Amino acid sequence: MGSLSFFKIPGEFHRAPDPHPWKDLDHEVPVVDISSLEDTDSREGALQALRDACESWGFFQLLGHGIPRELSDKMMEVAYKFFDLPAQDKLVYCSDNVLDDVGFATNFEVSKSRRPSATWQEFFFQMCSPPCDPSKLPENPARYLNVSTSYGAEVTALARRLLELFSESLGLEASELAGRFEGELMSMRLNHYPPCPEPQLTIGIQPHSDINAFTILQQDVEGLQVLHDGAWVTLKPLPGALVVNVGDQLQILSNDKFKSVEHRGVVNGERARVSIACFYSPGLGARIGPIPGLVNEECPAKYKESLYGEYAKASLSMELNRKSALSTLKVDDQKPELPSTLFNLWNKHW
Ligand code: OGA
Ligand code: NI
């Protein structure tokens with residue numbers, strides 16, 4: 046890119062003003078350690094910490110998760126190497142549908158005219174469970190296939206464990222949530238944010254909540270911010286930790302006990318940043334609504350039931366902005382019954 050300081054970023058990258066101030070209170074973001082769950086006291090402590098984090102922040106840094114550090118580091122390394130390839134080598138994977146098996150995109154938000162501004166980002170995505178066709182994955186770097194396959198399998202196994210822990214921390218049987226995740230999906234998205242000469246003017250990824258059940262993210266350079274108490278709080282990378290956040294489906298299933306919180310990615314002027322986000326969700330045909338065990342007279346169902354696939358398609362057709370799709374399912378919104386609302390939206394945009 047040459048000397049960054051002489052370079053002005055094009056106007057379409059200028060982000061809309063944000064009403065929330067920026068706070069660097071990284072130490073407040075909860076840390077949850079699940080290394081010693083066999084011990085009854087530690088287990089109770091970890092479940093309590095998990096519950097508190099999901100209720101108050103919707104985010105936590107996870108330690109003791111069991112994914113070997115060496116494998117996480119290799120995954121980061123192959124991701125950086127892939128993004129270092131010349132543009133034409135990456136563009137062969139181009140896709141504008143994130144529900145595809147494998148794809149690469151950069152600023153497709155702008156071409157789809159459904160984003161407030163262009164983002165300082167490119168990304169590559171692939172299905173990990175069920176696994177994508179390996180012949181569609183990058184051949185360069187050479188280790189990409191092996192490393193991403195192992196990492197995807199480890200993260201999926203971790204997600205299944207977390208699903209049990211989320212169940213227990215909601216006071217349910219450990220298997221309750223898993224029973225609703227028929228046809229589980231795990232997709233991985235490698236986000237690349239190149240250094241930016243005017244980082245404060247743009248954004249890496251717009252404020253959004255994740256539409257899936259929960260996300261497991263690895264980052265080595267800071268840039269991820271979570272909205273907490275009306276301010277953006279930076280999640281400082283904690284060595285060996287993975288960032289876990291509640292997504293819309295877990296908020297619905299937990300009947301609003303767990304929060305799917307807005308977050309965004311900011312960019313910096315010094316160095317490239319890669320984050321590896323793994324999105325866990327039920328299958329597209331799964332019916333998602335508040336779990337009956339969490340609904341009672343004091344706490345009536347807050348959401349209508351919907352098919353996850355409809356929710357996903359409707360969300361992807363909306364502007365990536367705040368929590369629009371979640372609010373269409375709110376019972377007290379008095380909106381027309383699903384699925385017609387979502388289908389109308391879908392037809393309008395696709
Ligand atoms: C995402 C996301 C944040 C980051 O991919 O959904 O929120 O730090 N990424 O890249
Ligand atoms: Ni996200």
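Each residue of the sequence shown is one higher than the one before, counting from 46 in the working numbering.
All C-beta atoms in this analysis are idealised placements derived from N, C-alpha and C, irrespective of residue type, glycine included.
In this text, all values refer to a predicted model and were calculated from it rather than measured experimentally.
- prompt: Are three or more beta carbon pairs between the region 130-140 and the region 214-221 nearer than 8 Å?
  reply: no
- request: Helix, strand or coil for aspartate 377, going by three-state DSSP, please let me know.
  value: helix
query: Is it the case that the CB of aspartate 84 approaches a heavy atom of the ligand NI more closely than 7 Å?
result: no
- request: Taking leucine 339 and lysine 375 to be in contact with their CB atoms under 8 Å, please state how far apart those CB atoms are, rounded to whole angstroms.
  value: About 16 Å separates the two Cβ atoms, so there is no contact after all.
message: Tell me whether glutamate 322, by its Cβ, gets closer than 7 Å to a heavy atom of the ligand NI.
response: Looking at the sequence provided, one finds alanine at residue 322 rather than glutamate. Alanine 322 Cβ: within cutoff of the ligand NI.
Beta-bridge partners of serine 232, as assigned by DSSP: Met172 and Phe324
query: Measuring CA to CA, which of Glu100, Ser351 and Ala276 is closest to glycine 334?
result: Ser351
message: For phenylalanine 388, count the other beta carbons within 10 Å of its own beta carbon; 16 or more makes it buried, fewer makes it exposed. Which is it?
response: Low confidence applies here, because phenylalanine 388 scores a pLDDT of 39, under 50, leaving its location unreliable and the question unanswered by this model.
message: Could you pull the DSSP bridge partners for aspartate 129 from this structure?
response: None, per the DSSP bridge assignment.
task: Below 8 Å on the Cβ atoms is my guess for leucine 262 versus valine 288; work out the distance and round it to an integer in Å.
output: 4 Å
query: In the DSSP assignment, what are the bridge partners of cysteine 139?
result: Phe149
query: Would you say the beta carbon of arginine 234 comes nearer than 7 Å to a heavy atom of the ligand OGA?
result: yes
- request: Please state if the CB of threonine 201 and the CB of histidine 59 are separated by a distance shorter than 8 Å.
  value: no
message: Run through the DSSP bridge pairs and tell me what tryptophan 67 is partnered with.
response: Trp277
- prompt: Of the choices Ile79, Ser193, Tyr238 and Arg114, whose alpha-carbon is the least far from that of glutamate 167?
  reply: Tyr238
query: Any chance the CB of glutamine 171 is under 7 Å from a heavy atom of the ligand OGA?
result: no
message: Let me confirm a value: phenylalanine 52 is counted as buried when at least 16 other C-beta atoms fall within 10 Å, else exposed. Which label applies?
response: exposed
- prompt: Which first and last residues belong to the alpha helix (DSSP H) in which threonine 406 is found?
  reply: There is no way to answer for residue 406, as the model of the chain reaches only from 46 to 395.
query: Cβ of aspartate 255 within 7 Å of any heavy atom in the ligand NI?
result: yes
- request: Could you check the C-alpha separation between tryptophan 165 and aspartate 86 for me, to the nearest Å?
  value: 45 Å
query: Can you give the beta carbon distance from proline 183 to phenylalanine 127, rounded, assuming they're within the 8 Å contact cut?
result: 6 Å
query: Near alanine 132, what residues of its chain come up, given a Cβ to Cβ distance below 6 Å and the 5 sequence neighbours on each side ignored?
result: none
query: Curious, which full-length beta strand (DSSP E) runs of at least 3 residues does the region 91-132 contain?
result: 104-108
- prompt: How long is the line joining the alpha carbons of tryptophan 395 and serine 362, rounded to whole angstroms?
  reply: Interpretation of tryptophan 395 is limited by its pLDDT of 28, a score under 50 that renders its predicted location unreliable; the figure taken from the coordinates is listed afterwards. Cα-Cα distance, rounded: 7 Å.
With 16 other Cβ atoms within 10 Å as the buried cut-off, status of cysteine 344: exposed
- request: With a threshold of 16 other CB atoms inside 10 Å of the CB of glutamate 57, please say whether the residue is buried or exposed.
  value: exposed
task: For alanine 91, I'd like the list of residues in its chain whose CB is within less than 7 Å of its CB, leaving aside the five on either flank, ordered along the chain.
output: Val77, Asp78, Ile79 and Leu82
- prompt: Between asparagine 236 and serine 320, which are expected to be in contact by the criterion C-beta below 8 Å, what is the C-beta distance as a whole number of angstroms?
  reply: 5 Å
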